[in-house]
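Undergrad: All the letters of the sequence shown, read from the start, carry residue numbers 575 to 881 under our numbering.
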Amino acid sequence: MTENTKTHVILLSCGSFNPITKGHIHMFEKAREYLHKTGRFIVIGGIISPVHDSYGKPGLVPSRHRLTMCQLAVQSSDWIRVDPWECYQDTWQTTCSVLEHHRDLMKRVTGCILSNVNTPSTTPVIGQPQNETPPIYQNHNNMNHKPTAIKLWGKISENLGKICCVRPHIERFTFVDENANLGTAMRYEEIELRILLLCGSDLLESFCIPGLWKDSDMEVIVGDFGIVVVPRDGADTEKIMNHSSILRKFKDNITVVKDGMSHPMSIVSSTKSRLALQHGDGHVVDYLSQPVIDYILQSQLYINASG
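In structure tokens form, the structure reads like this:
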């Protein structure tokens, strides 16, 4: 498959990130590596979306801290960015709502029609310009003129920046105004673009807990978008999926990242990181990046058992 015929993917990870760990970043890297190895996908970007403060999880520090720590954790990445949309809403948002927000936003920014996993597009996915402005990328016989995945993500990020406004209480973060007038839609090469939910096997397992997730939301998350699962602690993902009728129904939309080798990052968690900080455990450097540790110590976070 050529680059243009492969499915272009944006990985979206939702969660507390309380705090963000090396394991979270490892999850993105392993997922991208595995999807590329299949030969069917190109991961052009990753989005970290921290949960709203009203989620109510015990020990959850304010979003301004979690956003800053996330930004510090990905500051050297050229493909993962932090999105504050969830944190800036009036209240907690469902994972389904977050996925739909980013899907709709990408439609508006790129001009692309995003296909979903359950019903893939049968026609070329292409942005339709509203005036005579030349397309950002034009078709040429010379393959050197075709956009690379990084260039595409760069153009998307660049145009997101053009419609962003800065919220005063977190100056380093930009916020995309969903009501902004975007003007002319961008036009890219004919590509298929999808947003997939990236998660660990613990989130997959939570789908099987009666009453925790709405069936309608699960249908959208797994059926319309699809998920990429990075197993943790030797979890049996096959067994987990068999416990849910919805997961069984949309099994083909679930990509499990398979890795024959165990990796220490697969057992790193925010909970272990908080405990290490509270106990003054030197192993915290194995769990968190140094900029995140420095920020935590500077802000006196997680020092007490209460968070």
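All residues carry an ideal CB built from backbone N, CA and C; glycine is no exception.
Tell me whether the beta-carbon of D652 lies closer than 8 angstroms to the beta-carbon of I621.
TA: Residue 652 sits at position 78 when you count from the first residue of the sequence shown. Residue 621 sits at position 47 when you count from the first residue of the sequence shown. Taking 8 angstroms as the Cβ cut-off, D652 and I621 do not qualify as a contacting pair.
Undergrad: Just curious, the alpha helix (DSSP H) that E607 is in, first and last residue?
TA: Within the sequence shown, numbered from 1, the residue matching residue 607 stands at position 33. E607 -> alpha helix (DSSP H) spans 596-611.
Undergrad: May I have the straight-line CA-CA distance separating N705 from S587, to the nearest angstrom?
TA: Within the sequence shown, residue 705 is the residue found at index 131, counting from 1. Within the sequence shown, residue 587 is the residue found at index 13, counting from 1. Note that N705 scores 35 on pLDDT, short of 50, meaning its location in the model is unreliable and no value can be drawn from it.
Undergrad: From V831 to D664, what does the alpha carbon distance come to, in whole angstroms?
TA: Numbered from its first residue, the sequence shown carries residue 831 at position 257. Numbered from its first residue, the sequence shown carries residue 664 at position 90. Roughly 35 angstroms between the two C-alpha positions.
Undergrad: Looking only at its own chain, which residues have a Cβ that is under 6 angstroms from the Cβ of Q604, when we skip the five neighbours before and after it?
TA: Working through the sequence shown from its first residue, we reach residue 604 at position 30. The sequence as given places Lys at residue 604; Gln does not occur at that position. Counting only Cβ-Cβ distances below 6 angstroms, and skipping sequence neighbours, we find V804, V831.
Undergrad: Going by DSSP, what residue range makes up the alpha helix (DSSP H) through R822?
TA: In the sequence shown, residue 822 corresponds to position 248, counting from 1. Segment 819-823, the alpha helix (DSSP H) holding R822.
Undergrad: Return the chain-ordered list of same chain residues with a C-beta closer than 6 angstroms to the C-beta of I814, the five sequence neighbours on each side being excluded.
TA: Residue 814 sits at position 240 when you count from the first residue of the sequence shown. Answer for I814: L778, E779, listed in chain order.
Undergrad: Skipping 5 residues on each side, what residues in its chain have a beta carbon closer than 7 angstroms to that of L851?
TA: Numbered from its first residue, the sequence shown carries residue 851 at position 277. So the qualifying residues of the chain are V858, I870, Y876, I877.
Undergrad: Distance, Cα to Cα, S873 vs G589?
TA: By 1-based counting over the sequence shown, the position of residue 873 is 299. By 1-based counting over the sequence shown, the position of residue 589 is 15. Their Cα atoms are separated by approximately 21 angstroms.
Undergrad: Please list the segments of the beta strand (DSSP E) lying wholly inside the region 632-681, counting only runs of 3 or more residues, in order along the chain.
TA: Segments of the beta strand (DSSP E) lying fully in the region 632-681: 654-656.
Undergrad: Exposed or buried, which one is G774 when buried takes at least 16 other CB atoms within 10 Å?
TA: Residue mapping note: residue 774 aligns to position 200 of the sequence shown, counting from 1. With 16 or more Cβ atoms within 10 Å of its Cβ, G774 is classed as buried.
Undergrad: If you reduce the DSSP assignment to three classes, tell me which class D810 lands in.
TA: Against the sequence shown, residue 810 aligns to sequence position 236. D810: coil per DSSP, three-state reduction.
Undergrad: Going along the chain, which residues of its own chain have a beta-carbon closer than 8 angstroms to the beta-carbon of R746, five neighbours each way excluded?
TA: Your numbering for residue 746 matches position 172 in the sequence shown. At R746, the pLDDT of 40 sits below 50, so the modelled position is not reliable; the number obtained from the coordinates is stated separately. Correct list, in chain order: T642, Q645.
Undergrad: Nearest by alpha-carbon distance to S628: which of H600, S818, R655, Q667 is it?
TA: Against the sequence shown, residue 628 aligns to sequence position 54. Here the closest residue by C-alpha is Q667.
Undergrad: May I ask which residues mark the beginning and end of the beta strand (DSSP E) holding L772?
TA: Position 198 of the sequence shown, counted from the first residue, corresponds to residue 772. From DSSP, the beta strand (DSSP E) with L772 extends over 766-774.
Undergrad: According to DSSP, what are the bridge partners of S587?
TA: On the sequence shown, residue 587 is found 13 positions in, with the first residue counted as 1. S587 is bridged to I622.
Undergrad: With respect to the beta strand (DSSP E) encompassing T579, which residues constitute its N-terminal and C-terminal limits?
TA: For the purposes of this step, residue 579 is taken as residue 5 along the sequence shown, with counting starting at 1. No beta strand (DSSP E) holds T579; DSSP gives it neither H nor E.
Undergrad: In terms of residues, what are the limits of the alpha helix (DSSP H) holding V866?
TA: To locate residue 866, count along the sequence shown from 1; it is residue 292. Start and end: 864-873.
Undergrad: With a 10 Å radius around its C-beta and 16 neighbouring C-beta atoms as the bar for buried, classify T581 as buried or exposed.
TA: On the sequence shown, position 7 is the one that residue 581 refers to. Buried is the call here.
Undergrad: Return the CA-CA distance between R640 and T845, expressed in angstroms with no decimal places.
TA: Along the sequence shown, one-based indexing puts residue 640 at 66. Along the sequence shown, one-based indexing puts residue 845 at 271. Spanning the two alpha carbons is a distance of roughly 14 angstroms.
Undergrad: Would a C-beta distance cut-off of 8 angstroms place H626 and V617 closer than the cut-off?
TA: Counting from one through the sequence shown, the residue named residue 626 turns up at place 52. Counting from one through the sequence shown, the residue named residue 617 turns up at place 43. Contact flag unset, no.
Undergrad: Looking only at its chain, what residues have a beta carbon closer than 8 angstroms to the beta carbon of H817, apart from the 5 residues adjacent to it on each side?
TA: Counting from 1 along the sequence shown, the entry for residue 817 is found at position 243. The residues are C782.
Undergrad: Residues in its own chain within less than 6 angstroms of V802 by CB, not counting five upstream and five downstream?
TA: Position 228 of the sequence shown, counted from the first residue, corresponds to residue 802. Excluding residues within five positions, the ones whose Cβ falls inside 6 angstroms are A605, L770, L772, T829.
Undergrad: With 16 as the cutoff for other CB atoms within 10 Å, does S790 come out buried or exposed?
TA: If you number the sequence shown from 1, residue 790 lands on position 216. Exposed, because fewer than 16 other Cβ atoms sit within 10 Å of the Cβ of S790.
Undergrad: Quick one: measure Cβ to Cβ for Y861 and K596, integer angstroms, because I've assumed they're closer than 8 angstroms.
TA: Counting from 1 along the sequence shown, the entry for residue 861 is found at position 287. Counting from 1 along the sequence shown, the entry for residue 596 is found at position 22. Confirmed, about 6 angstroms.
Undergrad: Could you tell me the distance, in whole angstroms, from the CA atom of T697 to the CA atom of L767?
TA: One-based indexing of the sequence shown puts residue 697 at position 123. One-based indexing of the sequence shown puts residue 767 at position 193. Below a pLDDT of 50, predicted positions are generally treated as unreliable, and T697, at 29, falls in that range; the measurement from the model is reported next regardless. Going from the Cα of T697 to the Cα of L767 covers about 12 angstroms.
Undergrad: Going by DSSP, what residues sit across from F615 in a beta bridge?
TA: By one-based count along the sequence shown, residue 615 stands at place 41. Its beta-bridge partners are T581.
Undergrad: Buried or exposed: where does T579 fall if 16 or more other Cβ atoms within 10 Å of its Cβ makes it buried?
TA: For the purposes of this step, residue 579 is taken as residue 5 along the sequence shown, with counting starting at 1. Exposed, since its Cβ has fewer than 16 Cβ neighbours within 10 Å.
Undergrad: Whole angstroms are fine: how far does the CA of V842 sit from the CA of G856?
TA: Within the sequence shown, numbered from 1, the residue matching residue 856 stands at position 282. Within the sequence shown, numbered from 1, the residue matching residue 842 stands at position 268. One C-alpha to the other measures close to 14 angstroms.
Undergrad: Give me the residue from H853, S847, G854 with the minimum Cα distance to S863.
TA: Counting from 1 along the sequence shown, the entry for residue 863 is found at position 289. Checked all of H853, S847, G854; the closest Cα to S863 is S847.
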